[in-house]
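Chains as they are written, first to last, in numbering that gives the first Met the number 0: chain A, 0 to 431; chain B, 0 to 431.
From the three backbone atoms N, C-alpha and C, an ideal C-beta is built for every residue, glycine too.
Input: a single structure, listed below in structure tokens.
There are 2 protein chains.
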Amino acid sequence: MSYSDALSKTLEDLGAAEGSVLSVSKDGRTYRGTLMPHHEFSSPDVIILKMKSGYNAGIRITGSAVITVEGKPAARERAETAVEYRKGLPKLVLIGTGGTIASYVDYRTGAVHPALSTSDMVNAVPEIRDIANIDAKVLFSIFSENMNVENWQKLAEAVAEEINAGADGIIIPHGTDTMGYTAAALSFMLGDVPKPVILVGAQRSSDRPSSDASSNLMACARFCTSGKRSGVFVVMHDTLGDDSFAVHAGTRVRKMHTSRRDAFRSINSLPAARMDASGNIDFILPGKPVSGGKAVARTGMERSCVLLQYYPGMDPSVFESIFMNSKGIVIAGSGLGHVNENMIPLIKRASDRGAVVIMTSQCLSGRTNLNVYNTGRDILAAGAVTVWDMLPETAYVKLMWALANSSSPEEAKKIMKTPLAGEMSDRRTEND
Amino acid sequence: MSYSDALSKTLEDLGAAEGSVLSVSKDGRTYRGTLMPHHEFSSPDVIILKMKSGYNAGIRITGSAVITVEGKPAARERAETAVEYRKGLPKLVLIGTGGTIASYVDYRTGAVHPALSTSDMVNAVPEIRDIANIDAKVLFSIFSENMNVENWQKLAEAVAEEINAGADGIIIPHGTDTMGYTAAALSFMLGDVPKPVILVGAQRSSDRPSSDASSNLMACARFCTSGKRSGVFVVMHDTLGDDSFAVHAGTRVRKMHTSRRDAFRSINSLPAARMDASGNIDFILPGKPVSGGKAVARTGMERSCVLLQYYPGMDPSVFESIFMNSKGIVIAGSGLGHVNENMIPLIKRASDRGAVVIMTSQCLSGRTNLNVYNTGRDILAAGAVTVWDMLPETAYVKLMWALANSSSPEEAKKIMKTPLAGEMSDRRTEND
Chain A
0 MSYSDALSKT LEDLGAAEGS VLSVSKDGRT YRGTLMPHHE FSSPDVIILK MKSGYNAGIR
60 ITGSAVITVE GKPAARERAE TAVEYRKGLP KLVLIGTGGT IASYVDYRTG AVHPALSTSD
120 MVNAVPEIRD IANIDAKVLF SIFSENMNVE NWQKLAEAVA EEINAGADGI IIPHGTDTMG
180 YTAAALSFML GDVPKPVILV GAQRSSDRPS SDASSNLMAC ARFCTSGKRS GVFVVMHDTL
240 GDDSFAVHAG TRVRKMHTSR RDAFRSINSL PAARMDASGN IDFILPGKPV SGGKAVARTG
300 MERSCVLLQY YPGMDPSVFE SIFMNSKGIV IAGSGLGHVN ENMIPLIKRA SDRGAVVIMT
360 SQCLSGRTNL NVYNTGRDIL AAGAVTVWDM LPETAYVKLM WALANSSSPE EAKKIMKTPL
420 AGEMSDRRTE ND
Chain B
0 MSYSDALSKT LEDLGAAEGS VLSVSKDGRT YRGTLMPHHE FSSPDVIILK MKSGYNAGIR
60 ITGSAVITVE GKPAARERAE TAVEYRKGLP KLVLIGTGGT IASYVDYRTG AVHPALSTSD
120 MVNAVPEIRD IANIDAKVLF SIFSENMNVE NWQKLAEAVA EEINAGADGI IIPHGTDTMG
180 YTAAALSFML GDVPKPVILV GAQRSSDRPS SDASSNLMAC ARFCTSGKRS GVFVVMHDTL
240 GDDSFAVHAG TRVRKMHTSR RDAFRSINSL PAARMDASGN IDFILPGKPV SGGKAVARTG
300 MERSCVLLQY YPGMDPSVFE SIFMNSKGIV IAGSGLGHVN ENMIPLIKRA SDRGAVVIMT
360 SQCLSGRTNL NVYNTGRDIL AAGAVTVWDM LPETAYVKLM WALANSSSPE EAKKIMKTPL
420 AGEMSDRRTE ND
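In structure tokens, the structure reads:
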């Protein structure tokens, strides 16, 4: 949504541009601040001023409002283009993919950079250069809902390449929509990766005062440079404030809210670590330290896989063709991993022809168990495999990988039931 | 799973039956208690004794264990068969459907009623008769994963019939797997129902000391007899203890854990009320009091509807037939309600031929908004409709109802966007 024609014209006539310092008098009050970009959430007749306090004020420009231009946009202070490479600091590589995080405002000047390069992103957090030498690259620039299997493969290859070229850690700014799926894909593809590989997003773009982009990025850099953990993680805000970050295992994390800053949650696991704004890290889960080994990307993925949610009224005849043609089927069943008895013959037919059918739970939290009720036992007898406390989304990603990295459905089933990247509890150690 | 052949024979030889008082000596210790039924979780060589403490002990019967029978099963104390109908008390009708809640142990005698009638269920909570006259009926006896649309319809009709015959409230014991779906279906079918209609389940069957069946049932009765709220609700434990119950709106509730007692959660809404074990009710959401009106069941449902979750790699060609043949399609999209750009032409083709396509979010919490990003605007332009903060499961149930209770896709879309039973926030009152 953009400004109304009338408001556009008013601003144009005044010579007001984004970054201009305006004062607006309305209803006996005067607001003074830097004109911010008109964002998607605003009405066409509202302008947004960044006040001295740092907060943004939205002001509806009605007939009585008077706008005065008090200052021009400050010239943008570009970070020095030739960044000094400081000896002794670890080397982090940012691999940009796009998403909400890839937009920022230079708060010193009010100037706006709505679409930006990965190095711009680093320049928005200058203190990051105090703890690491940063290389920044752009691999894709897409919204994460458009990330696909090929993107995952290219990303895994790029990560392995950078690690093998000397990176001490990889930071991947990513749209939040499908960040959990990408994190799971990288977890399986990169296996025992010897360095930290961190996906990071922002729930609020940087043109909003509440943006979490910079603070999330700094937390990533601190986690990477700690040297204490290798593996694939997602770093996001742990709370609504700017003072706590959660480091989630890449296979356990799920976006559980459309917009909150603390939307990302570890499911069926504690976060791998929590961090405060000063960079103190509380390691919660055990993990592997960094090592000098090589990174290997095993990027094979069987595309003929589907993820389905069971629901009452699910009609087997509607899903017949999918069950009869897919090589892998993950079902988010009800409760402990159930479907209606009408669906069970379809599971059997799919299994009999060599498809791998995996049962997970749409409850998300908790564990599937097909040995409790008759329905579950019938589902097992039909050939389905249950994967305990693995998320449906992670099971879908893992199944694509397992089918491509095995020579038979039976071997793929074994891979599915073996914890590889923290994606499921080891059932042998459970006593519930 | 049942006892091993050897253990079965030992128990048979001893004349030990469920309810017998046994003492078991093993490894220098002696355990004394009432023999409980062998449940699905136990190994074939384990017997379960209910100890004097009320807790159950599982004892593995190895070669060295010595079992002695110390008492026969107590004669079952049947609740008086002719229950006194007490004037002045409200009348509640229990309509049984099956599920984990429909199994109980008489803790006074140790006798076990693994499959039980609805009146048995009431007899297990004798104090319920202090506050209401109870009629108990069995409509179905099925696991809730097998509940289907026809069951919902019969249930709604039975509820309306009982209310119109004088019931002051309806309690529906139900399996937990799909209780949320049934609650949503009843919410739309029963509309402005003049009395409370409460679905209730148990996460632990009554043969386990931690069962929540009785306490949940008593909480239902108390809420029903308060007279303060009509409508369709789900009552379950609010916490892990036995001292707090949540009353959820039937359209907002979702099973969020496979096994915890507090698995049911209101999503995008507070619970309608909370209750303590003494029956104190804290009404949190506004609602309608009971009235003397008639109940009407509008049970029409369009079966040609599907619920799909979007995932990266979702292949439009795999879902082509479903999109081209269904009358209603609910998609749990990523983030604010997105799909991959490859899926958008399929949404357009389905919409163009008259299907109603509804976008929800797989994040579950938060609100869809298709006006923020280009992807969302393209999805809207393709003809999809977004339903704000409605759960995907509730949207699926509502869509079946809306299509059957409208004369055109456009009218069904309008119904989908109009809050009818608390299923979505009224967007006009939101300012976020």
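Can you check whether the CB of E144(B) is closer than 8 Å to the CB of N370(A)?
No, the pair does not count as a contact, with Cβ atoms beyond the cut-off.
Please state if the CB of V192(A) and the CB of C219(A) are separated by a distance shorter than 8 Å.
Result no, Cβ atoms of C219(A) and V192(A) do not sit closer than 8 Å.
Closest by C-alpha distance to A183(A), when choosing among P391(A), S214(A), K416(A)
Of P391(A), S214(A), K416(A), the residue nearest in Cα terms is P391(A).
Would you say D176(B) lies against chain A (beta-carbon separation less than 8 Å)?
So yes, D176(B) belongs to the interface.
Just to confirm, are G375(A) and G336(A) a CB contact at a threshold of 8 Å?
At a Cβ-Cβ threshold of 8 Å, G375(A) and G336(A) count as neighbours.
Check the DSSP bridge columns for K397(B) and list the partner residues they point to.
In the DSSP assignment, K397(B) is bridged to no other residue.
On the premise that T250(B) lies in contact with P420(B), defined as a C-beta separation below 8 Å, what is that separation, rounded to the nearest angstrom?
In the sequence under discussion, the amino acid at residue 420(B) is Ala, which differs from the Pro named in the question. Going by Cβ atoms, the distance from A420(B) to T250(B) rounds to 5 Å, so yes, they are a contact pair.
Assign P408(A) to one of two classes, buried (16 or more other C-beta atoms within 10 Å of its C-beta) or exposed (fewer than that).
Buried.
From the DSSP secondary-structure annotation, give me the bridge partner or partners of Q308(A).
Bridge partners of Q308(A): A331(A).
What residues in its chain sit with their C-beta under 7 Å from that of S405(A), if we drop five residues either side in the sequence?
Only A411, I414 meet the Cβ criterion.
So M217(A) is in the alpha helix (DSSP H); what residue range does that whole segment cover?
Under the DSSP assignment, M217(A) falls in the alpha helix (DSSP H) whose first and last residues are 212 to 225.
Mark T238(A) as exposed unless 16 or more other C-beta atoms lie within 10 angstroms of its C-beta, in which case mark it buried.
Burial call: exposed.
Using a Cβ-Cβ cut-off of 8 Å (strictly less than) and excluding sequence neighbours within five positions of R221(B), which residues of its own chain qualify?
I130, M274, G278, I280, listed in sequence order.
Would you kindly report the start and end of the unbroken beta strand (DSSP E) that includes A56(A)?
DSSP places A56(A) inside the beta strand (DSSP E), whose first and last residues are 55 to 59.
So I46(B) and L91(B) are in contact, right, with Cβ under 8 Å, and what is the actual spacing, rounded?
Rounded, the Cβ-Cβ distance is 38 Å, inconsistent with contact.
Could you tell me whether the Cβ of N404(B) comes closer than 8 Å to any Cβ of chain A?
Chain A contact via Cβ: absent.
Can you name, in chain order, every residue of its own chain whose Cβ lies under 6 Å from the Cβ of I162(A), other than the five neighbours on each side?
Counting only residues of its own chain and dropping the five nearest sequence neighbours on each side, I162(A) has a CB closer than 6 Å to the CB of K194, A294.
At 3 residues or longer, what runs of the beta strand (DSSP E) sit wholly inside the region 117 to 204 of chain A?
If we require 3 residues or more, the beta strand (DSSP E) runs fully inside the region 117 to 204 of chain A come out as 132 to 137, 168 to 172, 195 to 199.
Is E144(B) close to chain A? Criterion is C-beta to C-beta, closer than 8 Å.
Yes, because at least one Cβ of chain A sits closer than 8 Å to the Cβ of E144(B).
Measuring CA to CA, which of I127(B), M235(B), M255(B), A123(B) is closest to H173(B)?
Minimum Cα distance to H173(B) is reached at M235(B).
Starting from V252(A), follow its DSSP beta bridges and name the residues at the other end.
Under DSSP, V252(A) takes part in a beta bridge, and its partners are S265(A).
Amino acids of chain A, ordered along the chain, whose beta-carbon sits closer than 7 Å to that of A201(B):
What A201(B) touches in chain A: nothing, since even the nearest Cβ is about 12 Å away.
Beta-carbon spacing of L6(A), V68(A) below 8 Å
When the beta-carbon positions are compared, L6(A) and V68(A) stay at least 8 Å from each other.
Whole-number beta carbon distance between L284(A) and A248(A), since they are thought to touch under 8 Å:
With 8 Å as the limit, A248(A) and L284(A) qualify as a contact, their Cβ atoms being about 7 Å apart.
Rounded C-alpha distance that separates K49(A) from V231(A)
When rounded, the distance between both Cα atoms is 37 Å.
What number of angstroms, rounded off, separates the C-alpha of V137(A) from the C-alpha of V23(A)?
So the alpha carbons of these two residues sit roughly 40 Å apart.
Should Y180(B) go down as buried or exposed, given a rule of 16 or more other Cβ atoms within 10 Å for buried?
For Y180(B), the number of other beta carbons within 10 angstroms of its own is at least 16, and it is reported as buried.
Which word fits T257(B), buried or exposed, when buried means at least 16 other C-beta atoms lie within 10 angstroms of its C-beta?
T257(B) should be labelled buried.
Could you list the residues in the region 144 to 163 of chain B with a C-beta less than 7 Å from some C-beta on chain A, going in chain order?
Correct list: E144, N145, M146, N147, V148.
Helix, strand or coil for R376(A) per DSSP?
Three-state result, R376(A): helix.
Between W387(B) and T417(B), how many whole angstroms is the CB-CB distance? I'm expecting something under 8 Å.
Between W387(B) and T417(B), the beta carbon gap of about 11 Å keeps them out of contact (Cβ cut-off 8 Å).
Would you say A328(B) lies against chain A (beta-carbon separation less than 8 Å)?
The residue asked about is misnamed: residue 328(B) is Ile in this sequence, not Ala. No, because no Cβ of chain A sits closer than 8 Å to the Cβ of I328(B).
Under 9 Å between beta-carbons, which chain A residues line up against Y30(B)? List them in chain order, please.
None at all; the shortest Cβ gap to chain A is about 20 Å.
Hey, does M386(A) have any beta-carbon neighbour from chain B nearer than 8 Å?
The amino acid at residue 386(A) is misidentified as Met; the sequence shows Val. Contact with chain B is absent for V386(A), since none of that chain's Cβ atoms lies less than 8 Å from the residue's Cβ.
Which residues in the same chain as I330(B) place their Cβ atom closer than 6 Å to its Cβ, once the five residues preceding and following it in sequence are excluded?
Within its own chain, the residues whose Cβ lies closer than 6 Å to the Cβ of I330(B), once the five positions on either side in sequence are excluded, are L307, Y309, M358, listed in chain order.
Can you tell me the Cα-Cα spacing of R128(B) and G168(B), whole angstroms?
If you take the alpha carbons of R128(B) and G168(B), they lie about 14 Å apart.
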